[in-house]
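Okay, so the sequence shown: first residue is 1 according to my numbering, each after it adds one.
Below you'll find the structure, written out as structure tokens, and then a few comments.
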Amino acid sequence: MPADLHLPPIAPGRRPLFGHAIPLLRDRLAFLQNLRAFGPIVRITIGPKSLTVVNSSELIQEMLTSKSHQVSKGLLFEKLKLFGKDALPVAEGSRHLTRRRLMQPAFHRERVSGYVKTMRETVEPVIANWCDGDTLDLKTEMQLMAQGVVMSVAFSSTPEHQRARAILASVDTVFKAAIRRALLPVPVLERLPTRRNRQITHAGGVLHQAVADIITDHRTNPDAYDDVVSLLLAARDETGAALPDDEILSEVTGLLAAGSETTAVVLAWLFHELGRHPDLEQRLHHELDTVLGGRTLTAARLPQLPFTRRLVTETLRLYSPAWLVTRQAIEPLQLGNVTVPAGTDLLWSPYTLHRDAELYPDPQRFDPDRWLPERPQPPKGAFIPFGSGKRQCMGDAFAWTEAISVTALIASRWRLRPIPGTSTRPIGEITVHPSSLRMTAESRQTATTRKAA
Ligand code: HEM
Numbered sequence: 001m002p003a004d005l006h007l008p009p010i011a012p013g014r015r016p017l018f019g020h021a022i023p024l025l026r027d028r029l030a031f032l033q034n035l036r037a038f039g040p041i042v043r044i045t046i047g048p049k050s051l052t053v054v055n056s057s058e059l060i061q062e063m064l065t066s067k068s069h070q071v072s073k074g075l076l077f078e079k080l081k082l083f084g085k086d087a088l089p090v091a092e093g094s095r096h097l098t099r100r101r102l103m104q105p106a107f108h109r110e111r112v113s114g115y116v117k118t119m120r121e122t123v124e125p126v127i128a129n130w131c132d133g134d135t136l137d138l139k140t141e142m143q144l145m146a147q148g149v150v151m152s153v154a155f156s157s158t159p160e161h162q163r164a165r166a167i168l169a170s171v172d173t174v175f176k177a178a179i180r181r182a183l184l185p186v187p188v189l190e191r192l193p194t195r196r197n198r199q200i201t202h203a204g205g206v207l208h209q210a211v212a213d214i215i216t217d218h219r220t221n222p223d224a225y226d227d228v229v230s231l232l233l234a235a236r237d238e239t240g241a242a243l244p245d246d247e248i249l250s251e252v253t254g255l256l257a258a259g260s261e262t263t264a265v266v267l268a269w270l271f272h273e274l275g276r277h278p279d280l281e282q283r284l285h286h287e288l289d290t291v292l293g294g295r296t297l298t299a300a301r302l303p304q305l306p307f308t309r310r311l312v313t314e315t316l317r318l319y320s321p322a323w324l325v326t327r328q329a330i331e332p333l334q335l336g337n338v339t340v341p342a343g344t345d346l347l348w349s350p351y352t353l354h355r356d357a358e359l360y361p362d363p364q365r366f367d368p369d370r371w372l373p374e375r376p377q378p379p380k381g382a383f384i385p386f387g388s389g390k391r392q393c394m395g396d397a398f399a400w401t402e403a404i405s406v407t408a409l410i411a412s413r414w415r416l417r418p419i420p421g422t423s424t425r426p427i428g429e430i431t432v433h434p435s436s437l438r439m440t441a442e443s444r445q446t447a448t449t450r451k452a453a
């Protein structure tokens with residue numbers, strides 16, 4: 001080891017041969033949470049592989065902002081290339097920059113306000129189809145809804161039910177493979193013709209076909225669309241050449257993947273918490289009835305829903321969908337009093353950061369009022385569900401608008417009741433999703449009529 005490297009300490013609990021693999025595999029989220037007790041930056045090992053976990057919010061900021069030129073996206077994103085080689089979330093360097101500049105206008109705050117109507121028109125028919133007393137698999141419902149929203153807003157496309165489910169299943173298969181391969185990287189196994197690997201290839205095929213159909217439709221009717229696909233089709237590089245089809249395909253697939261499951265799990269967790277806290281649900285209903293009271297949800301009305309926004313904020317804190325974000329040092333990297341060599345795999349977790357008792361009093365408690373402006377706010381850099389710096393989520397304004405709008409639309413009409421005797425716990429896959437979340441839909445209108453009678 002060169003003399004000027006000061007490696008982080010190794011976390012306690014390492015076993016010969018396995019390293020920390022056993023507790024990591026047993027409960028990923030609890031393992032990462034417990035690691036926070038061992039200092040601002042620690043190393044863990046999985047078999048022969050070593051990973052450096054950055055815990056401190058200051059060091060995370062440093063890595064993502066002032067030192068972002070010294071890191072690449074790392075292990076997890078390498079495996080996410082299953083979605084498409086160089087899509088924005090996995091692209092590096094100048095390619096990332098030019099692609100981001102190209103696509104970002106579609107995700108600017110002002111532009112996103114214009115999407116509320118499409119979001120409403122996508123969600124309303126779905127929730128109008130629910131029947132009083134229906135048992136809903138909330139994770140799937142929200143996934144289909146969020147997928148529908150991204151597809152209708154970004155690609156002007158809403159697949160019919162069977163197709164939507166096939167796309168969802170494919171994204172799920174590819175996500176699961178990426179996380180498994182990132183945590184237990186054995187490249188040779190990834191190339192074997194096993195059943196699982198064949199399933200992954202098949203899932204990739206289904207996804208690409210769906211996206212290819214959208215692109216073909218845009219090419220055939222170019223004047224009919226003004227969306228992200230039109231933006232990509234119209235783009236020219238510095239030589240005046242159009243983007244190759246496979247790159248457009250990767251970008252569209254990347255957006256679909258990045259934008260569906262994340263928002264979906266936030267919505268699922270939010271309704272889970274409302275089901276457990278009737279007092280919060282009542283306050284939400286009061287706000288919605290006062291501000292909307294049967295009127296149409298528009299972008300102009302969203303700022304009048306501060307409690308709904310605080311519910312979303314608190315859900316993003318307690319159930320940050322991204323529990324694992326990776327980087328890799330591309331040159332020796334100093335973080336605090338530690339210096340790691342080029343090639344070091346680094347990771348940080350929004351999920352565990354947001355549950356740190358040093359940053360948030362009573363961190364396990366779901367308390368939207370901790371975000372009231374008169375309450376002490378967490379230190380800068382302590383709330384970053386969308387990451388930070390040049391790789392910060394491009395869809396953050398989109399996700400806020402969508403989460404607040406969908407919450408308002410659903411809760412204006414429905415109460416989602418927990419099913420007695422069932423329990424739900426967080427599972428860390430590509431996002432932190434509920435193990436299982438079935439809830440009963442109860443029409444608010446019927447409930448009011450019942451009460452009146
Ligand atoms: C609650 C919902 C969401 C959460 C929590 C979330 C979280 C994140 C995080 C943490 C990153 C940064 C990863 C890193 O630093 O390596 C990211 C990147 C990204 N997200 Fe999101 N995201 C959400 C919704 C969306 C939506 C709705 C879209 C688009 C429709 C989207 C598109 C992207 C893209 C394109 C990137 C890559 C940006 C780049 O590398 O320049 N996300 N997201």
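By construction, the Cβ of each residue, glycine as well, lies at the ideal position given by its N, Cα and C atoms.
Remember, predicted model here, so these are calculated numbers, not experimental data.
Fill in: Buried or exposed (CB count within 10 angstroms, at least 16 for buried), I404
Buried is the call here.
Discussion item. I'd like to know whether the C-beta atoms of V228 and A203 end up nearer to each other than 9 angstroms.
Written reply: Going by C-beta atoms, V228 is not nearer than 9 angstroms to A203.
Worksheet item: Which residue spans inside the region 260 to 296 form an unbroken alpha helix (DSSP H) run of at least 4?
Response: Taking only runs of at least 4 residues, the alpha helix (DSSP H) segments lying wholly in the region 260 to 296 are 278 to 291.
Item to complete: Please name the residue in A106, S113 and G148 whose C-alpha comes closest to that of P125.
Response: When each option's Cα is compared against that of P125, the closest is G148.
Worksheet entry | Close beta carbons around Y115, own chain, < 6 angstroms, minus the five adjacent residues each side | Excluding positions up to five away in sequence, the list reads V153.
Practice prompt. Assuming W414 and I215 form a contact by the criterion Cβ under 8 angstroms, report the distance between their Cβ atoms to the nearest whole angstrom.
Written response: Taking a contact as a CB-CB distance under 8 angstroms, the pair W414 and I215 does not count as one, their CB atoms being some 36 angstroms apart.
Worksheet item: Using the beta-carbon count (16 or more within 10 Å), is I248 buried or exposed?
Response: That one is buried.
Discussion item. Going by DSSP, what residue range makes up the alpha helix (DSSP H) through V90?
Written reply: Here V90 belongs to no alpha helix (DSSP H), and DSSP marks it neither H nor E.
Worksheet entry | Cα-Cα separation, A106 to L231 | Cα atoms of A106 and L231: separation of roughly 8 angstroms, rounded to the nearest angstrom.
Discussion item. Assuming T440 is part of the beta strand (DSSP E), what are its boundary residues?
Written reply: Residues R438 to S443.
Worksheet entry | Pairwise C-alpha distance: H433 and M151 | Spanning the two alpha carbons is a distance of roughly 21 angstroms.
Practice prompt. Starting from P484, trace the alpha helix (DSSP H) both ways and give me its first and last residue.
Written response: This structure does not reach residue 484, given that the chain is present from 1 up to 453, and the question cannot be answered.
Item to complete: May I have the straight-line CA-CA distance separating T308 from E273, to the nearest angstrom?
Response: If I take the Cα positions, the gap works out to 13 angstroms.
Worksheet item: Whose CA, out of L76, M142, A182 and L168, lies closest to the CA of G205?
Response: When only C-alpha atoms are compared, the closest one is L168.
Worksheet item: Does the beta-carbon of L17 have 16 or more other beta-carbons within 10 angstroms, so that it is buried, or is it exposed?
Response: With fewer than 16 other Cβ atoms inside 10 Å of its own Cβ, L17 counts as exposed.
Fill in: Check: T326 C-beta below 8 angstroms from any heavy atom of ligand 1
Yes; taking the cut-off as 8 angstroms, the Cβ of T326 has a heavy atom of ligand 1 nearer than that.
Practice prompt. Could you work out which residue in T315, P12 and Q61 is closest to K390 when comparing CA atoms only?
Written response: Comparing Cα positions, the closest option is Q61.
Item to complete: Could you tell me if the beta carbon of K176 falls within a distance shorter than 8 angstroms of some heavy atom in ligand 1?
Response: Incorrect: K176 has no Cβ contact closer than 8 angstroms to ligand 1.
Worksheet item: So, are the CB atoms of D345 and Q328 less than 9 angstroms apart?
Response: Cβ atoms of D345 and Q328: closer than 9 angstroms.
Worksheet item: CB-CB under 6 angstroms to T135, same chain, minus the five flanking residues each way: which ones, in chain order?
Response: These residues qualify, in order along the chain: R438 and T440.
Worksheet item: Given 8 angstroms as the limit, is there contact between the region 378 to 389 and the region 60 to 76, that is, 3 or more CB pairs closer than that?
Response: Output reads yes: the region 60 to 76 touches the region 378 to 389.
Discussion item. Quick check: is any heavy atom of ligand 1 less than 8 angstroms from the C-beta of G462?
Written reply: The question about residue 462 has no answer, for the chain in this structure spans 1 to 453.
Item to complete: Would you be able to state if there are at least three C-beta pairs under 8 angstroms between the region 94 to 108 and the region 358 to 368?
Response: They do not touch, by the three-pair rule.
Item to complete: Mind checking which residues open and close the alpha helix (DSSP H) that includes D396?
Response: In the DSSP assignment, D396 falls within the unbroken alpha helix (DSSP H) covering D396 to R413.
Worksheet item: On the three-state DSSP scale, how would you describe R43?
Response: Note: R43 maps to strand in three-state DSSP.
Worksheet item: Relative to the alpha-carbon of D217, which residue among S157, I22 and T122 has its alpha-carbon at the smallest distance?
Response: Comparing Cα-Cα distances from D217 to each of S157, I22 and T122, the minimum goes to S157.
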